[in-house]
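Asker: As you go down the protein sequences, you meet chains A and B in turn. Under the working numbering, the residue at position 97 of the first sequence is numbered 78, and the numbers go up by one with no gaps. Under the working numbering, the residue at position 59 of the second sequence is numbered 40, and the numbers go up by one with no gaps. We put the beta carbon where it would ideally sit given N, CA and C, even for glycine.
2 protein chains.
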Amino acid sequence: MNIILLSGGSGKRLWPLSNDIRSKQFIKIFKTSDGDYESMVQRVYRQIKTVDPNATVTIATSKAQVSAIHNQLGENVGVSVEPCRRDTFPAIALATAYLHDVMGVPADESVVVCPVDPYVEEDYFEAIKKLCDQASKGEANLVLMGIEPTYPSEKYGYIIPKSDSETSEVESFKEKPDAKTAEEYISKGALWNGGVFAYKLNYVLNKAHELIDFTDYHDLFSKYDTLTKISFDYAVVENEPKIQVMRFSGEWKDLGTWNTLTESMDQPVIGDAVLNNTCEGVNVVNELNVPIICMGLKDVVVSASPEGILVSDKEQSSYIKPYVDKIDQQIMFAEKSWGSFRVLDVEEESLTIKVTLNPGHGMYYHSHMRRNEIWNVISGEGVVTLDGKKREVGVGDIIEMKAGTKHTVTAVTELKMIEVQLGREINVHDKKKFDVADR
Amino acid sequence: MNIILLSGGSGKRLWPLSNDIRSKQFIKIFKTSDGDYESMVQRVYRQIKTVDPNATVTIATSKAQVSAIHNQLGENVGVSVEPCRRDTFPAIALATAYLHDVMGVPADESVVVCPVDPYVEEDYFEAIKKLCDQASKGEANLVLMGIEPTYPSEKYGYIIPKSDSETSEVESFKEKPDAKTAEEYISKGALWNGGVFAYKLNYVLNKAHELIDFTDYHDLFSKYDTLTKISFDYAVVENEPKIQVMRFSGEWKDLGTWNTLTESMDQPVIGDAVLNNTCEGVNVVNELNVPIICMGLKDVVVSASPEGILVSDKEQSSYIKPYVDKIDQQIMFAEKSWGSFRVLDVEEESLTIKVTLNPGHGMYYHSHMRRNEIWNVISGEGVVTLDGKKREVGVGDIIEMKAGTKHTVTAVTELKMIEVQLGREINVHDKKKFDVADR
Chain A
-18 MNIILLSGGS
-8 GKRLWPLSND
2 IRSKQFIKIF
12 KTSDGDYESM
22 VQRVYRQIKT
32 VDPNATVTIA
42 TSKAQVSAIH
52 NQLGENVGVS
62 VEPCRRDTFP
72 AIALATAYLH
82 DVMGVPADES
92 VVVCPVDPYV
102 EEDYFEAIKK
112 LCDQASKGEA
122 NLVLMGIEPT
132 YPSEKYGYII
142 PKSDSETSEV
152 ESFKEKPDAK
162 TAEEYISKGA
172 LWNGGVFAYK
182 LNYVLNKAHE
192 LIDFTDYHDL
202 FSKYDTLTKI
212 SFDYAVVENE
222 PKIQVMRFSG
232 EWKDLGTWNT
242 LTESMDQPVI
252 GDAVLNNTCE
262 GVNVVNELNV
272 PIICMGLKDV
282 VVSASPEGIL
292 VSDKEQSSYI
302 KPYVDKIDQQ
312 IMFAEKSWGS
322 FRVLDVEEES
332 LTIKVTLNPG
342 HGMYYHSHMR
352 RNEIWNVISG
362 EGVVTLDGKK
372 REVGVGDIIE
382 MKAGTKHTVT
392 AVTELKMIEV
402 QLGREINVHD
412 KKKFDVADR
Chain B
-18 MNIILLSGGS
-8 GKRLWPLSND
2 IRSKQFIKIF
12 KTSDGDYESM
22 VQRVYRQIKT
32 VDPNATVTIA
42 TSKAQVSAIH
52 NQLGENVGVS
62 VEPCRRDTFP
72 AIALATAYLH
82 DVMGVPADES
92 VVVCPVDPYV
102 EEDYFEAIKK
112 LCDQASKGEA
122 NLVLMGIEPT
132 YPSEKYGYII
142 PKSDSETSEV
152 ESFKEKPDAK
162 TAEEYISKGA
172 LWNGGVFAYK
182 LNYVLNKAHE
192 LIDFTDYHDL
202 FSKYDTLTKI
212 SFDYAVVENE
222 PKIQVMRFSG
232 EWKDLGTWNT
242 LTESMDQPVI
252 GDAVLNNTCE
262 GVNVVNELNV
272 PIICMGLKDV
282 VVSASPEGIL
292 VSDKEQSSYI
302 KPYVDKIDQQ
312 IMFAEKSWGS
322 FRVLDVEEES
332 LTIKVTLNPG
342 HGMYYHSHMR
352 RNEIWNVISG
362 EGVVTLDGKK
372 REVGVGDIIE
382 MKAGTKHTVT
392 AVTELKMIEV
402 QLGREINVHD
412 KKKFDVADR
């Protein structure tokens, strides 16, 4: 099976766990059988690999998420990076070209496109495999998944099938309706549109060549910023007469808000927290290393991270976005491909950060114009390069870098450092990168 | 007026703002007219000095609070330090001897003893002045304040006066009653015992000499740990026939729990927090530098500090103590006489701390056996002494101290440093102090 996972969104609705560079799909919130926690993207990836160990998985995403994807899924997962946001048709065309031209998938094979963040069980990916197989038959150019509705939701688009058989041609598509209209649709046998569809690679490649002048993946990538913003629905689905839909009746949840997310938590508390016996329906997700005590609360979600603290009635939590939008905050924590960082202290003319590098990983070779930096190694071993000179470092070593010094560090074992930045204009944009070859 | 303020307790009931070394009286929670925040002890001290600018104020307390007292009230306030806890009679005897022998207050002057943490207005200290004046007359050996009850409280002891005049002899004392008994007392004209009483110094000094063999303050201090634990009520009040009570009917609150404390907050929020419009009766005290968002909460208190986070129904908040007792936590923040520190990061073999020294102040000259330390100066100027050698330091300077190195730093201007501690057994007790003369 070939599968493209669409990974988008900055996910402010799950603040303080999600932020501009950490989307909700990267939050480690689901307990695995061995007691660790995994994120939505890790859960989905694991489920796919369980259903089909040979699945070719490609994640279509923006530049900002690449580090987090490699940090969580390793280096072997395929990533199709959109150089900029150009809506779903260009994104799917680019990912399809990537599968064909980079991953070497033959043009007559089928692929399924699926959001990265549904909360599902393995039967969902079994159904996706069937979708792929159905697309391979060539009876239709597009095969959609139709999810059997459990209530007249106003949040989803609807698919009206021609028949009630497992696989049916599509009669029509309906935009998100009000509850009453949704009930009418459901009485006619309508299904939710979960944004999942399969096709043969050459079908979308041909559509792309019709609409865009390009030769291959690399050419499409290089001119991506010149493409017109257009949705896959508008560019392809609405004009396609040969569409089928396959029913899916298993568990399927869209965990977009704290309210729905907490419903899927196996236990009320993640992290260090105590709930007294007068708490009811309380969920806590605490990423800080200090305890939370909750007393006498009902249907409340509490979440604390280096970015902030949310305390909300569960119903109310759906309305969080405008409040988060108003917060103009520095990123306090991030996972990068090489490890992670956390801001420990912010002063007017200094910034103190804890940097953790994974074994074998290094930062970009870079310099700053307007700030000096000091590294205090607190654990592990590594190799530091300063203006071309290499030096082995370990616990207790101090590395001083004046503004202008080219520097990098590579971890031999897991390497932790306290980084002190000093200057009047400390800014993430004050960074010049150099080739690794220059080291 | 001479006044002894009794400052005790570790105050876990206002966790996470109070902890083993920061009692509730030091939490800056009351907005002053110039927009700053002051603590209970600062508020009370300011009120006393407004009512009587020449008042001699002595704070009777334990060693653990001395730094915080000087940090908040300056160096000029009198402090009578109990070398260990020995109940109220030894503590009051020691403070009285301190007033006489150290502060030079004549033995025939009167003094009033008062808890450090009542939430009151200036009329309370006017009443206290009258109590002092009444004690000076010598009509009685002890003059108590009786607070006119506003409801049949079960939390206070009661004083039954002989008459309903402003100053009356005491008929009897009653222990904390149940609500029904309290109603009976009140119908007989009983008053709350707020723990405030005045006497002439020589009265308590004589009682002390009767019960304890000592010459003066210094002698009493040196043998303090050998004294029997006994309360002032038991040792003095219960055996004293000549006792008067003076009525007080002004505002008086005991802010011992989050429920009562939040009632006295002038505004719902202290620190960085947003309440949406569906919140009712919500108070937030946020000492962290990240925002808190509250949505759809009713009668809830939220408090966040470097020690932890409390989210509690206001009523329930009175029952917090056992939950805090269960938390075995490192002190994450403290005010010292020389400034303050905050723990930024805890690892198995390292600890990272932000140290702020007030101008002109320095640490003890000290060394550690089992840990190396590094100071990264991030703002200000100071003078560092390492094994007797002095050195001026400023922003960007790095000071390395191997285990065994004697070290200290004195701030010239406000000095901020990131201190990295490295070692296998990092422990607050690994500290050897040296005389300043050794520097």
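DSSP on A/I290, reduced to helix/strand/coil?
Answerer: Correct three-state label for A/I290: strand.
Asker: Examine chain B for any beta-carbon lying closer than 8 Å to the beta-carbon of A/Q248, and answer yes or no.
Answerer: Taking Cβ atoms only, chain B never reaches closer than 8 Å to A/Q248, which makes this a no.
Asker: Under 8 Å between C-beta atoms, does A/L325 make it to chain B?
Answerer: Answer yes: the Cβ-Cβ gap between A/L325 and chain B drops below 8 Å somewhere.
Asker: Going straight from the alpha carbon of A/G377 to that of A/T69, what length do you get?
Answerer: A/G377 and A/T69: Cα-Cα distance of roughly 50 Å.
Asker: Going by alpha carbons, who is nearest to B/V364 out of B/V358, B/E165 and B/V374?
Answerer: Selected option, being the one with the closest Cα: B/V374.
Asker: If you check the beta carbons only, do A/N220 and A/S91 fall under 8 Å apart?
Answerer: Not a contact, by the Cβ cut-off of 8 Å.
Asker: What does B/Y304 touch in chain A if you count any residue whose Cβ is under 8 Å from its own?
Answerer: Under the 8 Å cutoff, chain A gives V255, N257, I274 and M276.
Asker: Taking A/L75 as part of the alpha helix (DSSP H), name the residues at either end of that continuous run.
Answerer: T69 to D82 is the span of the alpha helix (DSSP H), which, as asked, contains A/L75.
Asker: Let me see if you follow: with CB-CB separation under 8 Å, is A/I(-15) close to chain B or not?
Answerer: So, not an interface residue.
Asker: Kindly say whether B/Q297, judged by its beta-carbon, lies nearer than 8 Å to any beta-carbon of chain A.
Answerer: Yes, B/Q297 counts as interfacial toward chain A.
Asker: My output table needs one value for B/M313: the three-state DSSP class, helix, strand or coil.
Answerer: Residue state, collapsed to three classes: coil.
Asker: Are at least three pairs of beta-carbons, each pair with one atom in the region -8 to 4 of chain A and one in the region 75 to 92 of chain A, less than 8 Å apart?
Answerer: The region -8 to 4 of chain A is not in contact with the region 75 to 92 of chain A.
Asker: Which residues in chain E have a C-beta closer than 8 Å to the C-beta of A/E330? List them in chain order.
Answerer: The structure shown contains no chain E; the protein chains it does contain are A and B.
Asker: Against chain A, which members of the region 11 to 26 of chain B pass a CB distance test of less than 7 Å?
Answerer: Those would be none; no residue qualifies.
Asker: Helix, strand or coil for A/A163? Go by DSSP, reduced to three states.
Answerer: Note: A/A163 maps to helix in three-state DSSP.
Asker: For B/S286 and A/E316, I'd like the C-alpha separation in whole angstroms.
Answerer: If I take the Cα positions, the gap works out to 25 Å.
Asker: Put B/Q402 into one of helix, strand or coil per three-state DSSP.
Answerer: B/Q402 falls in the strand class under three-state DSSP.
Asker: Below 8 Å on the Cβ atoms is my guess for A/H342 versus A/K412; work out the distance and round it to an integer in Å.
Answerer: Contact doesn't hold; Cβ gap of about 18 Å is too wide.
Asker: If you draw a straight line from the alpha carbon of B/L403 to that of B/E268, how long is it in whole angstroms?
Answerer: Rounded to the nearest angstrom, the two C-alpha atoms are 28 Å apart.
Asker: Contact criterion: CB-CB distance below 8 Å. Does A/N408 meet it with respect to chain B?
Answerer: Chain B, which has no Cβ nearer than 8 Å to the Cβ of A/N408, makes this no.
Asker: What residue from A/V390, A/I274 and A/L125 has the CA that sits closest to A/G320's CA?
Answerer: Ranking the options by Cα distance to A/G320, first place goes to A/V390.
Asker: I'd like the ranges of any alpha helix (DSSP H) spanning at least 4 consecutive residues and lying wholly in the region 126 to 193 of chain B.
Answerer: You should have 160 to 168 and 182 to 192.
Asker: Quick one, are the C-beta atoms of B/V283 and A/V292 less than 8 Å apart?
Answerer: A contact, by the Cβ cut-off of 8 Å.
Asker: Would A/G361 pass as a contact of A/L332 if the rule is Cβ separation under 8 Å?
Answerer: No, they are not a contact pair.
Asker: Excluding the five sequence neighbours on either side, which residues of its own chain have a C-beta within less than 7 Å of the C-beta of B/I407, listed in chain order?
Answerer: Around B/I407: L332 and R352.
Asker: Is there contact here, the region 11 to 22 of chain A with the region 209 to 218 of chain A, by at least three beta-carbon pairs under 8 Å?
Answerer: Segments in contact, no.
Asker: Find the nearest neighbour of B/D104 within the set B/L367, B/I128, B/V124 and B/A116, judged by alpha-carbon distance.
Answerer: Considering only alpha carbons, the answer is B/I128.
Asker: Measure from the C-beta of A/G262 to each C-beta in chain B and report whether the shortest distance is under 8 Å.
Answerer: No, A/G262 lies away from the interface with chain B (no Cβ there is under 8 Å from its Cβ).
Asker: In chain A, which residues lie with their C-beta within 9 Å of the C-beta of B/N240?
Answerer: Chain A residues near B/N240: none, gap ~11 Å exceeds 9 Å.
Asker: Determine the chain A residues that contact B/Y105 at a beta-carbon separation under 8 Å, and present them in chain order.
Answerer: Those within 8 Å of B/Y105 in chain A number zero; the least Cβ separation is about 32 Å.
Asker: According to the neighbour-count rule (16 or more other Cβ atoms, all chains shown, within 10 Å of its Cβ), is A/V22 buried or exposed?
Answerer: Buried, because 16 or more other Cβ atoms sit within 10 Å of the Cβ of A/V22.
Asker: Could you tell me whether any Cβ in chain B is nearer than 8 Å to the Cβ of A/D411?
Answerer: Taking Cβ atoms only, chain B never reaches closer than 8 Å to A/D411, which makes this a no.
Asker: If you draw a straight line from the C-alpha of A/K143 to the C-alpha of A/G170, how long is it?
Answerer: Cα to Cα, A/K143 sits roughly 9 Å from A/G170.
Asker: Quick one: using the 10 Å Cβ neighbour count with 16 as the cut-off for buried, is B/R(-6) buried or exposed?
Answerer: Under this definition B/R(-6) is a buried residue.
Asker: Which residues does DSSP pair with A/N267 in a beta bridge?
Answerer: Answer is A/A285, bridged to A/N267.
Asker: For A/K414, tell me which candidate among A/T259, A/D114, A/N264 and A/M344 has the shortest Cα-Cα distance.
Answerer: Per the Cα distances, A/M344.
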